[in-house]
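**Student:** Using full-length UniProt numbering, count along the sequence shown one by one with no gaps and you end on 622. Think of the CB as a built atom: it goes at the ideal place given N, C-alpha and C, for glycine as much as any other residue. All figures in this text were calculated on a predicted structure; none of them were measured in a lab. Encoded as structure tokens, here's the structure I'll be asking about.
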Amino acid sequence: MGIFFWTDSRIVLQWLTMHSSRLNCFVANRISEMQSTTSNITWRHVPGKDNPADIVSRGCAASELMETIWFRGPSFLRQDSSGWPQPVPNSQDTNEELELRKATVLTCTDNGSKEDVFDEVINKFSSYRRILRVIAFVLRVFNRIKVNKKVNLVDVIHTPATELQYAFKHIVSHIQQKTFFNEIQQLKENRILKPEFQKLNLFLAATNGPNGSITLLRVGGRLAKAPISLDAKFPVLLPKNHCFTLKFVEYLHRHHMHAGPKALIGILRLQAWIVNAREVVRKIVRRCTHCYHYKPRLMEQMMGSLPVDRFHSQRPFFVTGVDLCGPFSTSYRIRSKVPYKTYMAVFICFSSKAIHIELISDLSTNNFILCLKRFVSRRGIPLRIYCDNATNFVGARSQLEDFKQQLFDEANTLNLQKFSSIVGFEFKFIPPRAPHFGGLWEAAVKSMKSLMMKNLGNTGLTYEELQTIAIESEAILNSRPMAPLSEDPNDGEALSPAHLLIGSSLMSVPEPSIDESRPSYLTRWQRVTYLKQQFWELWRRDYLHTLQERSKWLKPHANIQIGQMVIVHEDNTPPQEWILGRITNTHVGADGRVRVAEIKVKNGTIRRPICKIAPLPEQTGA
């Protein structure tokens with residue numbers, strides 16, 4: 001009747017009907033062994049409830065073992081074979097396909113010649129070393145090298161240096177035949193070459209190989225008697241724009257520890273001569289991502305237009321910018337009292353460039369709000385106040401850094417916004433790490449600090465003395481001309497911010513009023529209004545046109561794109577430690593140019609101006 005093996009696994013039964021080569025290695029080895037040892041045995045399926053082997057695999061108490069089928073087996077075995085469970089139909093199961101070996105398909109094309117194979121390999125692979133190894137194996141096939149049966153597989157796979165050099169010369173000869181075909185024909189016919197090749201003294205030289213010689217186009221010169229190698233005396237000629245040339249130069253750059261352009265040219269000339277090699281070498285070095293981390297090039301964009309708030313002919317400080325600076329040492333003039341630090345808030349008018357200075361004795365949110373109250377009480381309620389972002393009060397010390405974090409955190413920002421909404425103005429912040437967005441108040445802080453430092457030095461002043469010096473500096477700065485002085489003596493004095501504040505320079509000598517037969521109060525008010533209008537006319541005529549020219553960032557550049565990988569500039573850290581990120585969003589200005597972008601970094605998303613971003617060079621695979 002025969003021998004029968006029973007199993008409750010339908011998947012195993014399906015594997016046993018297949019050839020083991022179709023299965024993965026682990027399953028194939030075991031199925032192959034089962035098929036070889038049970039070649040004359042029939043496999044059948046048994047339901048799990050009738051399989052005695054399950055009793056052992058699942059576990060069973062000794063007291064319960066007598067009640068199972070362990071000793072007597074399944075009941076259908078005592079019946080005729082016609083009553084046995086029928087074989088399971090041969091069907092494909094999704095679980096069976098998981099262990100199937102993935103088929104490897106090799107596509108072979110008949111390109112007809114060895115040269116076509118060279119082009120296909122050069123264009124397909126990006127690694128110079130891999131191209132050489134593949135071409136070396138191809139040459140073995142074309143040259144019909146006899147296989148030594150005593151050589152093992154490792155020796156066959158290994159490619160010696162002589163074969164790689166031979167493959168390199170074959171590739172160079174193939175490229176020269178396609179790129180410099182006209183020059184090779186002219187040399188064979190002893191004709192004069194183009195002027196750009198005449199100084200290279202080109203000649204054709206035959207190089208012996210395993211199977212015949214290769215004709216190479218070499219560069220001649222005055223080094224024929226030099227004690228150097230043949231390739232250094234007469235380097236082979238390579239075109240500058242060929243993809244193999246770029247891959248070859250990139251390999252030399254990486255193999256020689258990312259050598260710079262000058263060193264790379266010297267290394268290159270030992271093997272090959274590239275037309276306009278400096279351009280090729282600089283292109284490869286600029287495109288190297290590793291080298292780029294050590295000397296990144298930050299982006300820039302054409303300087304944008306001034307905001308509309310700079311052109312309002314409104315009262316002074318209608319639109320204002322503010323910045324904090326310091327600290328300044330202030331003393332009590334009392335023995336045993338340690339001097340304390342005082343800071344200054346510099347307000348500047350957007351239209352008149354008038355300056356207002358307030359002292360802050362302590363870096364706290366309440367003191368800053370009190371400073372704003374004093375400013376509003378003396379200069380009027382502004383429409384809006386611009387200030388630096390919470391991460392870039394330029395020139396601030398560590399105490400000011402702590403203060404700005406407290407000032408602009410979530411809780412204190414609500415207090416500041418609540419105060420501004422009650423008074424009736426709004427705060428607007430520039431992007432982080434972008435002081436050039438607030439160049440107006442940065443220049444005012446620089447001018448004020450220059451005056452203060454020249455006059456104070458290391459002198460310890462009291463709070464009242466420091467406030468006096470600050471207000472005098474404010475008066476001097478507000479008396480500076482807003483526009484160049486006129487050479488016509490009939491034009492009068494130059495327009496200054498003080499003229500828009502009080503009607504004359506703050507540093508001018510007071511003059512007695514002229515009594516014109518006691519004019520009425522209405523006439524005097526009209527005269528004052530007329531003088532203010534005249535000042536604003538001078539402001540439009542002499543000052544406004546000076547804002548027309550751009551001082552830097554004169555050329556437009558391509559906008560950075562979403563998804564582009566960039567390096568983010570970090571202050572006080574070397575370039576190789578700058579963080580890597582990806583652009584997730586861009587902020588387009590009114591002129592369609594991007595100057596601020598949001599970047600996804602490892603710790604979250606940050607916002608930076610493009611002058612703090614260095615895009616990674618594009619990798620073209622050459």
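1. Count the other CB atoms, across all protein chains shown, that sit within 10 Å of the CB of ALA167; report buried if there are 16 or more and exposed otherwise.
2. With C-beta atoms as the reference, is PHE328 less than 9 Å away from MET344?
3. If you follow the alpha helix (DSSP H) that HIS290 is in, where does it begin and where does it stop?
4. Are at least three pairs of beta-carbons, each pair with one atom in the region 317–333 and one in the region 284–294, less than 8 Å apart?
5. Leaving out five residues before and five after ASP50 in sequence, what residues of the same chain have Cβ atoms less than 6 Å from its Cβ?
6. With DSSP collapsed to three states, give me the class of ASN182.
7. Is the beta carbon of ILE355 less than 9 Å from the beta carbon of ALA444?
8. According to DSSP, simplified to helix, strand and coil, what is ILE514?
9. Mind reading off the beta-carbon distance from SER249 to VAL280? Whole number of angstroms is fine, and I expect it under 8 Å.
10. Do you know whose CA, among HIS45, ALA28, THR17 and ILE31, lies nearest PHE4's CA?
11. If you compare alpha carbons, which of PRO609, ALA272, LEU139 and GLU358 is closest to HIS569?
12. Could you check the C-alpha separation between THR17 and CYS60 for me, to the nearest Å?
13. Compute the distance between the beta-carbons of ALA205 and ARG218, then report whether it is under 9 Å.
14. Let's see if you can read the secondary structure: which residues bound the beta strand (DSSP E) around LEU324?
15. In this structure, how does DSSP classify ARG608 when only helix, strand and coil are distinguished?
16. Is LEU139 a contact residue of the ligand NAD, with contact defined as CB to any heavy atom under 8 Å?
17. Just to confirm the assignment, what range does the beta strand (DSSP E) spanning GLY581 have?
18. Excluding five sequence neighbours on each side, which residues of the same chain lie with their C-beta closer than 8 Å to the C-beta of VAL134?
19. By DSSP, does ALA232 sit in helix, in strand, or in coil?
20. Exposed or buried, GLU516, counting other C-beta atoms within 10 Å across all chains shown (16 or more means buried)?
21. According to the neighbour-count rule (16 or more other Cβ atoms, all chains shown, within 10 Å of its Cβ), is CYS25 buried or exposed?
22. Look up THR207 in the DSSP assignment and give the residues it is bridged to.
23. I'd like to confirm the pairing. Which residues does DSSP put opposite GLU358 in its beta bridges?
24. Using CA coordinates, which residue listed in LEU202, LYS194, GLU196 and THR207 is at the minimum distance from HIS170?
25. Where does LYS124 fall in DSSP's three states?
26. Nearest CA to the CA of SER21: which residue from ILE31, SER479, PHE429 and LEU440?
27. Report buried or exposed for VAL141, applying the criterion of at least 16 other Cβ atoms within 10 angstroms of its Cβ.
28. Can you name, in chain order, every residue of its own chain whose Cβ lies under 8 Å from the Cβ of GLU183, other than the five neighbours on each side?
29. Would LYS247 pass as a contact of VAL275 if the rule is Cβ separation under 9 Å?
30. Can you name, in chain order, every residue of its own chain whose Cβ lies under 8 Å from the Cβ of LYS612, other than the five neighbours on each side?
31. Counting only the same chain and skipping the five closest in sequence on each side, list residues whose C-beta sits under 7 Å from that of CYS288.
32. Tell me, which residues are paired with HIS45 by DSSP?
33. Go ahead and pull the three-state DSSP assignment for PRO435.
34. Bridge partners for GLU598 per DSSP, in chain order?
35. Report buried or exposed for ASP80, applying the criterion of at least 16 other Cβ atoms within 10 angstroms of its Cβ.
**Tutor:** A quick look at the data gives this:
1. The residue given as residue 167 occupies position 167 in the sequence shown. By the 10 Å Cβ count, ALA167 comes out buried.
2. By one-based count along the sequence shown, residue 328 stands at place 328. By one-based count along the sequence shown, residue 344 stands at place 344. Their beta carbons are under 9 Å apart, which means PHE328 touches MET344 by this criterion.
3. For the purposes of this step, residue 290 is taken as the residue at position 290 of the sequence shown. Run containing HIS290: 289–294, per the alpha helix (DSSP H) assignment.
4. no
5. The residue you call residue 50 lines up with position 50 of the sequence shown. The residues are PRO74.
6. Position 182 of the sequence shown holds residue 182. In the structure shown, ASN182 sits in a helix (DSSP, three-state: H, G or I).
7. For this step, residue 355 is matched to residue 355 along the sequence shown. For this step, residue 444 is matched to residue 444 along the sequence shown. Cβ atoms of ILE355 and ALA444: closer than 9 Å.
8. As a working note, residue 514 is residue 514 in the sequence shown. Because the pLDDT at ILE514 is just 45, under 50, the model does not fix this residue reliably, and the value given afterwards should be weighed accordingly. Here ILE514 sits in coil by DSSP.
9. The residue given as residue 249 occupies position 249 in the sequence shown. The residue given as residue 280 occupies position 280 in the sequence shown. The amino acid occupying residue 249 in the given sequence is Val; Ser does not appear at that position. That belief holds up - the Cβ atoms of VAL249 and VAL280 are roughly 6 Å apart, short of 8 Å.
10. Here residue 4 refers to the residue found at position 4 of the sequence shown. Ranking the options by Cα distance to PHE4, first place goes to HIS45.
11. Reading the sequence shown from its first residue, position 569 is the one you call residue 569. When each option's Cα is compared against that of HIS569, the closest is PRO609.
12. Within the sequence shown, the letter at position 17 stands for residue 17. Within the sequence shown, the letter at position 60 stands for residue 60. The straight-line gap from Cα to Cα measures roughly 33 Å.
13. For the purposes of this step, residue 205 is taken as the residue at position 205 of the sequence shown. For the purposes of this step, residue 218 is taken as the residue at position 218 of the sequence shown. In this structure, ARG218 lies closer than 9 Å to ALA205 by Cβ.
14. The residue you call residue 324 lines up with position 324 of the sequence shown. Unbroken beta strand (DSSP E) run through LEU324: 319–330.
15. Walking along the sequence shown from the start, residue 608 turns up at place 608. Correct three-state label for ARG608: strand.
16. As far as ligands go, the structure on display features none, and thus does not contain the ligand NAD.
17. Position 581 of the sequence shown, counted from the start, is the residue given in the question as residue 581. 579–588 is the extent of the beta strand (DSSP E) around GLY581.
18. For this step, residue 134 is matched to residue 134 along the sequence shown. VAL121 and PHE125, listed in sequence order.
19. The residue you call residue 232 lines up with position 232 of the sequence shown. Residue state, collapsed to three classes: helix.
20. Taking the first residue of the sequence shown as 1, we reach residue 516 at position 516. Low per-residue confidence applies at GLU516: pLDDT is 49, beneath 50, and the placement is therefore not dependable enough to give any value.
21. Looking up residue 25 in the sequence shown gives position 25. Per the 10 Å Cβ criterion, exposed.
22. For this step, residue 207 is matched to residue 207 along the sequence shown. Per DSSP, ILE214.
23. Working through the sequence shown from its first residue, we reach residue 358 at position 358. Answer by DSSP bridge pairing, in chain order: ALA345.
24. Working through the sequence shown from its first residue, we reach residue 170 at position 170. Ranking LEU202, LYS194, GLU196 and THR207 by CA distance to the CA of HIS170 puts THR207 first.
25. Mapped onto the sequence shown, residue 124 falls at position 124. Helix at LYS124.
26. For the purposes of this step, residue 21 is taken as residue 21 along the sequence shown, with counting starting at 1. Of the listed residues, the one whose Cα sits closest to SER21 is ILE31.
27. The sequence position of residue 141 within the sequence shown is 141, counting from 1. Answer is exposed; the Cβ neighbour count stays below 16.
28. For the purposes of this step, residue 183 is taken as residue 183 along the sequence shown, with counting starting at 1. Excluding residues within five positions, the ones whose Cβ falls inside 8 Å are LEU193, LYS194, PHE197, LEU202 and LEU217.
29. Residue numbering aside, residue 247 sits at position 247 when the sequence shown is read from its first letter. Residue numbering aside, residue 275 sits at position 275 when the sequence shown is read from its first letter. In this structure, VAL275 does not lie closer than 9 Å to LYS247 by Cβ.
30. Position 612 of the sequence shown, counted from the first residue, corresponds to residue 612. LEU298, ARG433, ALA434, VAL568 and HIS569.
31. Counting from one through the sequence shown, the residue named residue 288 turns up at place 288. Excluding the 5 residues flanking it on each side, CYS288 has same chain C-beta neighbours closer than 7 Å at HIS253 and HIS258, in chain order.
32. For the purposes of this step, residue 45 is taken as residue 45 along the sequence shown, with counting starting at 1. Paired residue(s): THR7.
33. Position 435 of the sequence shown, counted from the start, is the residue given in the question as residue 435. Three-state result, PRO435: helix.
34. Counting from 1 along the sequence shown, the entry for residue 598 is found at position 598. BP columns for GLU598 point to ASN585 and ARG607.
35. For this step, residue 80 is matched to residue 80 along the sequence shown. The residue in question, ASP80, is exposed, as its Cβ has fewer than 16 Cβ neighbours within 10 Å.
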